[in-house]
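A.B. asks:
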Amino acid sequence: MDSSSKKAKLHDDDGVLIDIILLWSLKDVFNEDFYEHKGKVACLDDNGARFAKDPHNSYRIQTKPHGHGDVHSLLKSSGLLDKCERGHWRNGITKLTHTDGRTMVINVEYNQLDPLLRATGYADGDVNCETGYSPFPGNINQLILKLDSNIKELNKAEGAIPEFVNPKYKDSSKTSFKSSTRLECMMQDYPKTLSLSARVGFTVMDTWLAYAPVKNNPEDAAKVPKGNPYHSTTSGEMAIYRANCIVWEPKWALTFADVKEKVHGHCSISLRSILVIKGHNVAIEDLTLDGAHIISSVEGAEDAKVMTVRGKVQNKGFILEKVDKGETSEIARIRGFRIKDVEKKEVIYSKP
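Number 203 in our numbering belongs to position 166 of the sequence shown; there are no gaps in the numbering.
(1) In the DSSP assignment, find the unbroken beta strand (DSSP E) run with residue 21 in it and report its ends.
(2) Using DSSP with H/G/I as helix, E/B as strand and the rest coil, what is residue 185?
(3) Quick check for students: name the residue ranges of the alpha helix (DSSP H) that lie wholly in the region 257-289, counting only runs of 4 or more.
(4) Please state whether DSSP places residue 63 in a helix, a strand or coil.
(5) Kindly examine the ligand ADP and report whether one of its heavy atoms sits closer than 7 Å to the Cβ of residue 188.
(6) Could you give the first and the last residue of the continuous beta strand (DSSP E) run that contains residue 378?
(7) Can you tell me whether residue 87 is buried or exposed? The criterion is at least 16 other CB atoms within 10 Å of its CB, across all chains shown.
(8) For residue 221, which beta-bridge partners are listed by DSSP?
(9) For residue 373, which residues in the same chain have their Cβ closer than 6 Å to its Cβ, ignoring the five residues on either side in sequence?
(10) Decide if the region 252-262 is in contact with the region 157-165; the criterion is three or more beta carbon pairs, one per stretch, under 8 Å apart.
(11) Can you tell me the Cα-Cα spacing of residue 215 and residue 207, whole angstroms?
(12) Helix, strand or coil for residue 180, going by three-state DSSP, please let me know.
(13) What number of angstroms, rounded off, separates the C-alpha of residue 190 from the C-alpha of residue 148?
(14) Considering residue 313, what are the terminal residues of the beta strand (DSSP E) in which it resides?
(15) Could you name the residues of the same chain whose beta carbon sits closer than 7 Å to that of residue 172, not counting the 5 residues immediately before and after it, in chain order?
(16) To the nearest angstrom, report how far apart residue 64 and residue 188 are at their CA atoms.
(17) Could you tell me which residues DSSP puts in a beta bridge with residue 91?
(18) Starting from residue 328, follow its DSSP beta bridges and name the residues at the other end.
(19) Whose CA, out of 351, 350, 349 and 369, lies closest to the CA of residue 358?
(20) Can you tell me the Cα-Cα spacing of residue 258 and residue 223, whole angstroms?
(21) Which term fits residue 97, buried or exposed, when burial requires 16 or more other beta carbons within 10 angstroms of its beta carbon?
(22) Starting from the C-beta of residue 288, find all residues in its chain whose C-beta is less than 6 Å away, skip the five residues before and the five after it, and write them out in chain order.
(23) What's the C-alpha gap between residue 193 and residue 186?
(24) For residue 159 and residue 145, I'd like the C-alpha separation in whole angstroms.
(25) Rank 277, 354 and 252 by C-alpha distance to the C-alpha of residue 266 and give the top, closest one.
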């Protein structure tokens with residue numbers, strides 16, 4: 038059966054938009070993108086749980102987002118899961134053991150992890166080990182849920198997730214809030230709703246592969262202590278170029294199964310290589326690539342027989358060229374480098 042990617046937009050509040058990419062069957066698929074909205078919740082002003090006034094209207098109660106944990110109740114109330122043939126998310130991070138022997142694999146939020154460790158035998162809290170990284174894997178909120186059991190679980194409590202309050206205090210007296218707080222919930226707390234017999238695990242990936250945010254400008258990134266992640270445009274893009282760059286148009290392949298149908302034999306692509314496929318009826322067979330290879334086919338040629346690319350391709354490829362602060366292009370200046378086309382092999386199939 039053919040398949041296609043589809044995006045569903047779940048609004049958990051006015052300030053947060055959750056995009057979920059799902060794989061649908063083309064049979065019984067929505068014709069339009071799906072939207073679902075979740076409202077906000079009342080804010081509290083102090084430890085006495087007095088309602089906070091809206092700063093712009095003293096006759097209204099201030100409201101804030103309830104948290105991305107509402108994605109579960111939105112999935113339930115929208116009926117979205119019932120219309121999916123598959124759903125894929127990923128989970129993590131810590132195995133907790135209760136005094137009575139009960140265990141749970143669950144995310145522990147950053148503001149809870151350090152005090153939890155200090156209270157359970159880790160005197161220094163969350164510190165880096167000899168590798169230079171924390172021994173506790175970080176959570177990036179990519180969850181994989183088994184669809185049938187997920188639907189059953191969400192039906193039990195309409196997708197409700199355990200709530201918490203995380204006030205930010207003005208000082209150590211902990212009597213006044215910096216700003217109003219409210220009840221929140223987090224999507225990664227879903228395992229707390231499961232039975233003790235449920236199986237929950239996590240997958241650990243190298244940081245460059247799974248987490249490379251871009252949030253610091255070049256000046257701020259330069260101030261980051263050596264050994265810590267820079268989280269700049271340069272570091273974010275270098276994570277991409279750490280592996281070989283293989284790009285194809287959607288009409289060449291949409292799924293892993295599509296790729297398997299078009300790649301045959303023993304293929305090898307070096308880490309520095311770039312492969313670009315522009316066209317539909319293009320197959321790769323016994324290709325050895327060390328450099329840059331661009332494969333294109335024009336309209337009309339795509340309706341002909343499958344064009345097979347094979348053999349050994351070796352050239353100088355593309356290189357990353359450093360730029361200085363005087364670079365006129367803002368894009369290149371922020372990235373810290375430009376991509377230079379030194380040498381490539383380009384094949385264009387122009388005849389049907």
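The beta carbon of each residue, even a glycine, is placed where N, CA and C say it ideally should be.
C.D. replies: According to the structure data:
(1) Here the chain comprises residues numbered 38 to 389, so residue 21 is not present and cannot be evaluated.
(2) Residue 185 sits at position 148 when you count from the first residue of the sequence shown. The answer is helix: DSSP assigns residue 185 an H, G or I state.
(3) Listed in chain order, they are 270-278.
(4) As a first step, residue 63 must be located in the sequence shown, where it is residue number 26. Here the model assigns residue 63 a pLDDT of 31, short of 50, so the residue's position is not dependable, and the following value carries that caveat. Three-state result, residue 63: coil.
(5) Inclusion of the ligand ADP in the displayed structure is not the case, the ligand content being empty and no account of it being possible.
(6) Stepping through the sequence shown from its first residue, residue 378 is reached at position 341. Per DSSP, residue 378 belongs to the beta strand (DSSP E) from 374-380.
(7) Taking the first residue of the sequence shown as position 1, residue 87 is located at position 50. When all chains shown are included, residue 87 counts as exposed.
(8) Your numbering for residue 221 matches position 184 in the sequence shown. Secondary-structure assignment with DSSP links residue 221 through a beta bridge to 201.
(9) In the sequence shown, the residue the question calls residue 373 occupies position 336. Within the same chain, residue 373 has close Cβ partners 271.
(10) Segments in contact, no.
(11) Residue 215 sits at position 178 when you count from the first residue of the sequence shown. Residue 207 sits at position 170 when you count from the first residue of the sequence shown. Take the alpha-carbon of residue 215 and the one of residue 207: they are about 5 Å apart.
(12) The sequence position of residue 180 within the sequence shown is 143, counting from 1. DSSP, reduced to helix, strand and coil, places residue 180 outside both helices and strands of the structure shown, so it counts as coil.
(13) Translated into the one-based positions of the sequence shown, residue 190 becomes position 153. Translated into the one-based positions of the sequence shown, residue 148 becomes position 111. C-alpha of residue 190 to C-alpha of residue 148: approximately 28 Å in a straight line.
(14) For the purposes of this step, residue 313 is identified with residue 276 of the sequence shown, where counting begins at 1. Run containing residue 313: 311-315, per the beta strand (DSSP E) assignment.
(15) The residue labelled residue 172 in the question sits at position 135 within the sequence shown. The residues are 166.
(16) By 1-based counting over the sequence shown, the position of residue 64 is 27. By 1-based counting over the sequence shown, the position of residue 188 is 151. Interpretation of residue 64 is limited by its pLDDT of 33, a score under 50 that renders its predicted location unreliable; the figure taken from the coordinates is listed afterwards. Residue 64 and residue 188 have their C-alpha atoms roughly 21 Å apart.
(17) As a first step, residue 91 must be located in the sequence shown, where it is residue number 54. Partner(s): 94.
(18) As a first step, residue 328 must be located in the sequence shown, where it is residue number 291. Under DSSP, residue 328 shares a beta bridge with no residue.
(19) Here residue 358 is taken as the residue at index 321 of the sequence shown, counted from 1. Restricting attention to 351, 350, 349 and 369, the CA atom closest to the CA of residue 358 is found in 369.
(20) In the sequence shown, residue 258 corresponds to position 221, counting from 1. In the sequence shown, residue 223 corresponds to position 186, counting from 1. Approximately 30 Å between the Cα atoms of the pair.
(21) Numbered from its first residue, the sequence shown carries residue 97 at position 60. It is exposed - the Cβ of residue 97 has fewer than 16 other Cβ atoms within 10 Å.
(22) Along the sequence shown, read from residue 1 onward, the residue named residue 288 stands at position 251. So the qualifying residues of the chain are 317.
(23) Reading the sequence shown from its first residue, position 156 is the one you call residue 193. Reading the sequence shown from its first residue, position 149 is the one you call residue 186. In a straight line, the C-alpha of residue 193 is about 11 Å away from that of residue 186.
(24) Locating residue 159 in the sequence shown gives position 122, counting from the first residue. Locating residue 145 in the sequence shown gives position 108, counting from the first residue. Cα to Cα, residue 159 sits roughly 15 Å from residue 145.
(25) Locating residue 266 in the sequence shown gives position 229, counting from the first residue. Nearest C-alpha to residue 266: 252.
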